[in-house]
Structure formats: C-alpha cells, structure tokens
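Visitor:
Residue numbers (this note's numbering): 780 to 1095.
Here is the structure:
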C-alpha cells in the first residue's frame, strides 16, 4: 500500500529523526492503528526463541516502516521470519521522510516499501548513495492517484473532477504529509488547476473517511495507491491522470542501509529472495485487517501451508 515525491528535510525534520531514532529500548510497544491515528514514530521490540537453528542469536535487525497496508504487512511478516531464526527485531514506525533519513544514517537497517520510479525518487536521489537495493518483491505493478467510488458516475477524468469539485466540498482527503504521494497530489492540484484543498491526515484516517462516505453513498475523493486491500473491499476507480503527474505504473523494492547490508549478508540474501504475488499480498493484508494485531494476522497467513512453503523458500 505500493504503491508516494518529497521535499528536502528541514532542520526541524532532522531533529525529529534524531528523536525518533533514539531510545529504542525505552519506547512503548505499540502496533500500527487501523483508525485515524497520526503516523509519527512507534517502536516495537520482539524476540523469539522458537527456532532450533538460530543464526541470528545475539543479533538485532531494525525494520523501519510507514503505516501503509503493504508496508505493515511485509514488515511484520519479516519480523516473524527473522524471529524464527533467532534475531531480535525492532520495529520503528515513522513518516517517510524521517524514515529515509534514518535508513541512510544507519539508525534503521531495512525498509520494504520503496516505490519507484516516481514516488520516492526524490528521497532516493538524496539518500541513495548510502542505501542498497535488495530487490523488487512485489510481482505486480503499482499505481497511485486520485480515487473516487464507482457510484460517483459523473467523475472519471481530471477535467470532470475539476468541474464538479464542489460536490466533494472542494477537498481531497490525503494521507501523511510526508508521503511521496502527497507531494504528487499537491503538484497535480496545481498543474490541473483544481479548485480543491489537499487535506493531510494518515492512511488509517483516509480509509476511515472513505468508508464513512462510502456507507452513505456520498461523493469523496482520496489519494490512494495499489496494491491496497481497499480495492478488494470497495468498488473504486482512479481519476484519469493524462499528464502522468503520479507517474506510470511502477514497482516496490526493498532498500537497506549499505553498511548494514554488507555486514549482514545472510539476512540481505534472504530478503533478496522475497517475492509476493498480488494474491498473496492481498490475502496477507486481509488476514491482518481481520486480526487484533499485525503479528497475529501474519501468523494466520503463515498457517496456510502454501504461504509457509513460500516463506521458507526465501530463507535458503
């Protein structure tokens, strides 16, 4: 949930990175929210002693993630797999800007949700020299843009959205302000001359607003991306983007801190083996959505023998 262009971090943002990445062992243990909570910084530390073969004994992996469905799903999946190999795993939930900065500086080890070639291009240009590409894991294509429910029959094109902006209260419901998709959305509003205001919130808050409007069959336009479980649950459609402000279809890849990856070839190799089909990712997201915690949802997904076999094939 790829399927997001960013501004250069200000000094205050840099300070946020320092604060967000400090005190790993003193942070409260929390889970990503399925409601409209703010996506700032959350640290969860977990260990496992279930493995009889523990190549990770005494080692820690720090996974940085954003509260986007596909990132929560893949990050907690890898928490489970690494724990099974004896690793201590720290989960740090951050906004995208501080996350890329932390990954570059070494406070984070790995991030599973880099969207290219458009969404995270600015971050990769700024921090890419200190990062290592561990491979494209999603075996589908990504898309993003303005999305409306299919029952909004009079809006299919960006021109129609512009002409009917008042039906949506002249606003577009977005996600966290630091997301690449929000930068693209702001650019699209300017380029297309939309008389609309972009409302920053969070991924869960955006989904909550969409669900509320959908239940009442009211017009709403949101920033969305696919893969994302909401496209399976609700009948939605992208508003056409003829100038490709949001970019053409792309991919999702894993980025790791370069120095960390060089020192941890075993884990890096496992992650390079990682692949999920659209159906596998969709099922994983659904299991997480129907569970009380992401970790519980991952366990449910892995209880399927085919999914377990796929996961074990990555750890070779």
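The beta-carbon is built from N, C-alpha and C at its ideal position, and this holds for glycine as well.
Classify residue 862 as buried or exposed, calling it buried when 16 or more other Cβ atoms lie within 10 Å of its own Cβ.
Guide: By the neighbour-count rule (16 or more Cβ atoms within 10 Å), residue 862 is buried.
Visitor: Can you give the Cα-Cα distance for residue 739 and residue 833, rounded to whole angstroms?
Guide: Outside the shown range of the chain (780 to 1095) lies residue 739, about which nothing can therefore be said.
Visitor: Count Cβ pairs between the segment 884–901 and the segment 1011–1018 that sit closer than 8 Å; are there 3 or more?
Guide: No, because fewer than three Cβ pairs between the segment 884–901 and the segment 1011–1018 fall closer than 8 Å, the two stretches do not touch.
Visitor: Spatial neighbours of residue 879 within its chain, please: C-beta separation below 7 Å, excluding the five flanking residues on both sides.
Guide: Once the five neighbours on either side are set aside, the close Cβ partners of residue 879 are 902 and 906.
Visitor: Distance, Cα to Cα, residue 982 vs residue 953?
Guide: Those two C-alpha atoms are separated by around 8 Å.
Visitor: How is the beta strand (DSSP E) around residue 1015 delimited, first residue to last?
Guide: Segment 1015–1017, the beta strand (DSSP E) holding residue 1015.
Visitor: If you run the structure through DSSP and keep just helix, strand and coil, what is residue 857?
Guide: In the structure shown, residue 857 sits in a helix (DSSP, three-state: H, G or I).
Visitor: Please classify residue 960: is it buried, with 16 or more other beta-carbons within 10 angstroms of its beta-carbon, or exposed?
Guide: The residue in question, residue 960, is buried, as its Cβ has 16 or more Cβ neighbours within 10 Å.
Visitor: Could you work out which residue in 1069, 929, 988 and 1036 is closest to residue 1017 when comparing CA atoms only?
Guide: Minimum Cα distance to residue 1017 is reached at 929.
Visitor: How long is the line joining the alpha carbons of residue 871 and residue 858, rounded to whole angstroms?
Guide: Spanning the two alpha carbons is a distance of roughly 11 Å.
Visitor: Applying the criterion that 16 or more other CB atoms from any shown protein chain within 10 Å of the CB defines a buried residue, is residue 921 buried or exposed?
Guide: It counts as buried.
Visitor: For the putative contact between residue 1034 and residue 890, defined by C-beta atoms under 8 Å, what is the C-beta separation to the nearest angstrom?
Guide: With a Cβ gap of about 5 Å, residue 1034 and residue 890 count as contacting.
Visitor: Under 6 Å Cβ to Cβ from residue 956, same chain only, skipping five residues before and after it: list those, please.
Guide: The answer, listed in chain order, is 979.
Visitor: Between the beta-carbon of residue 923 and the beta-carbon of residue 1008, is there less than 7 Å?
Guide: Not in contact: residue 923 and residue 1008 (Cβ atoms no closer than 7 Å).
Visitor: Would residue 888 be called buried (16 or more neighbouring beta carbons within 10 Å of its own) or exposed?
Guide: It counts as buried.
Visitor: Where does the unbroken beta strand (DSSP E) through residue 908 begin, and where does it stop?
Guide: Careful: residue 908 lies outside any beta strand (DSSP E) and carries neither H nor E.
Visitor: When we look at the beta-carbon of residue 1032 and count the other beta-carbons within 10 Å, is it buried (16 or more) or exposed?
Guide: Buried: at least 16 other Cβ atoms inside 10 Å.
Visitor: May I have the straight-line CA-CA distance separating residue 1058 from residue 997, to the nearest angstrom?
Guide: Computed Cα separation, rounded: 30 Å.
Visitor: Counting beta carbon pairs with one atom in the segment 1021–1029 and one in the segment 961–970, are three or more of them shorter than 8 Å?
Guide: Short answer: they touch.
Visitor: Looking at the unbroken alpha helix (DSSP H) that takes in residue 993, where does it start and where does it end?
Guide: Its alpha helix (DSSP H) spans residues 982–994.
Visitor: Could you give the DSSP three-state label for residue 1077: helix, strand or coil?
Guide: Three-state result, residue 1077: helix.
Visitor: Which of the three DSSP states, helix, strand or coil, is assigned to residue 965?
Guide: Here residue 965 sits in helix by DSSP.
Visitor: Is the beta carbon of residue 1067 less than 7 Å from the beta carbon of residue 852?
Guide: Contact: yes.
Visitor: Are the beta-carbon atoms belonging to residue 1037 and residue 909 less than 7 Å from one another?
Guide: Yes, the Cβ-Cβ distance between residue 1037 and residue 909 is below 7 Å.
Visitor: On a Cα-Cα basis, can you pick out the residue from 916, 1093 and 839 that is closest to residue 1006?
Guide: Residue 1006 has its Cα closest to that of 916, out of 916, 1093 and 839.
Visitor: Measure the CB-CB distance between residue 1076 and residue 1070 and report whether it falls below 7 Å.
Guide: Taking 7 Å as the Cβ cut-off, residue 1076 and residue 1070 qualify as a contacting pair.
Visitor: On the CB-based measure, 16 or more other CB atoms within 10 Å of its CB, does residue 893 come out buried or exposed?
Guide: Residue 893 comes out buried.
Visitor: Grouping DSSP H, G and I as helix and E and B as strand, with all else coil, what is residue 866?
Guide: DSSP places residue 866 in coil when its eight states are reduced to three.
Visitor: Measure from the alpha carbon of residue 873 to the alpha carbon of each residue in 850, 867 and 860, then state which is nearest.
Guide: With distances taken between Cα atoms, residue 873 lies closest to 850.
Visitor: For a test of the three-state rule: what should DSSP assign to residue 922, helix, strand or coil?
Guide: Strand, per DSSP.
Visitor: Note down, in chain order, each residue of its chain lying with its Cβ closer than 8 Å to the Cβ of residue 904, except the 5 sequence neighbours on either side.
Guide: Same-chain partners within the cutoff: there are none.
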